[in-house]
Amino acid sequence: MTNAAQTTTEALSRVLGRTFGLYVQTHGYHWNVVGPEFRRLHAAFEEQYNNLWNALDDIAERIRSLGAHAPGSLAELTALAGPAPEPAQSAEAMVGALTSGHEALTDELRRAIASAQHDGDEPTVGLLSDRLAWHQKQLWMMKASRA
Numbered sequence: 002m003t004n005a006a007q008t009t010t011e012a013l014s015r016v017l018g019r020t021f022g023l024y025v026q027t028h029g030y031h032w033n034v035v036g037p038e039f040r041r042l043h044a045a046f047e048e049q050y051n052n053l054w055n056a057l058d059d060i061a062e063r064i065r066s067l068g069a070h071a072p073g074s075l076a077e078l079t080a081l082a083g084p085a086p087e088p089a090q091s092a093e094a095m096v097g098a099l100t101s102g103h104e105a106l107t108d109e110l111r112r113a114i115a116s117a118q119h120d121g122d123e124p125t126v127g128l129l130s131d132r133l134a135w136h137q138k139q140l141w142m143m144k145a146s147r148a
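Residues in the sequence shown are numbered consecutively from 2, following this note's numbering.
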């Protein structure tokens, strides 16, 4: 594996870890949300965690296609997930925490895109750009629902 591919796979691994962390957080909120917005948030969180779950496979397979081993243990993924979010009990706190999680992931995606662009890795740029667009849409929807 070239140094460029190693730099890109390390960036992809960080995106994978952050995606895993956000997946677990979102799924937990789906199970535990209560209140007048229950039905809407329960459905929205389910849509989000399903998308995040599917993204894990795409990101890990991209890492493998570049010749590296994808982080696959719970310890590896949690180490790459970033700081653990504060527990959230209210629906409003859950939406706020998920907003922060998506924002952190968009920052990580931007860094990974820059790395892949620098390395001339267009397939990775495309994958990560699609992920960035999805997270930006989720941020827009969550912020609009709190306005």
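Glycine residues also receive a C-beta, built at the ideal position from the N, C-alpha and C atoms.
All values derive from a computational prediction rather than experimental measurement.
Let me confirm a value: residue i is counted as buried when at least 16 other C-beta atoms fall within 10 Å, else exposed. Which label applies?
| i | result |
| --- | --- |
| residue 75 | exposed |
| residue 41 | exposed |
| residue 3 | exposed |
| residue 45 | buried |
| residue 71 | buried |
| residue 34 | buried |
| residue 134 | exposed |
| residue 65 | exposed |
Note down, in chain order, each residue of its chain lying with its Cβ closer than 8 Å to the Cβ of residue i, except the 5 sequence neighbours on either side.
| i | result |
| --- | --- |
| residue 165 | The structure shown does not extend to residue 165, since the chain is modelled only from 2 through 148, so no value can be given for it. |
| residue 142 | 45 |
Tell me which same chain residues have a C-beta within less than 7 Å of the C-beta of residue i, skipping the five on either side of it?
| i | result |
| --- | --- |
| residue 106 | 19, 20, 23 and 136 |
| residue 8 | 116 and 120 |
| residue 49 | 27 and 139 |
| residue 56 | 20 and 132 |
| residue 61 | 17 and 71 |
If you follow the alpha helix (DSSP H) that residue i is in, where does it begin and where does it stop?
| i | result |
| --- | --- |
| residue 58 | 39-66 |
| residue 94 | 92-120 |
| residue 79 | 75-81 |
| residue 124 | 123-147 |
Are the C-beta of residue i and some C-beta of chain C separated by less than 8 Å?
| i | result |
| --- | --- |
| residue 61 | Here chain C cannot be found, since the structure has a single protein chain. |
Below 6 Å CB to CB, which residues in the same chain sit around residue i once its five sequence neighbours on both sides are set aside?
| i | result |
| --- | --- |
| residue 103 | 136, 139 and 140 |
| residue 109 | 15, 16 and 19 |
| residue 38 | 92 |
| residue 150 | Only positions 2 to 148 of the chain appear in this structure, which leaves residue 150 out of reach. |
My guess is that residue i and residue j are in contact by the Cβ rule of under 8 Å, so how many angstroms apart are they, rounded?
| i | j | result |
| --- | --- | --- |
| residue 112 | residue 6 | Not really, about 16 Å apart at Cβ, beyond 8 Å. |
| residue 10 | residue 69 | 4 Å |
| residue 126 | residue 114 | 6 Å |
| residue 100 | residue 144 | 7 Å |
| residue 128 | residue 58 | Not a contact, Cβ separation roughly 12 Å. |
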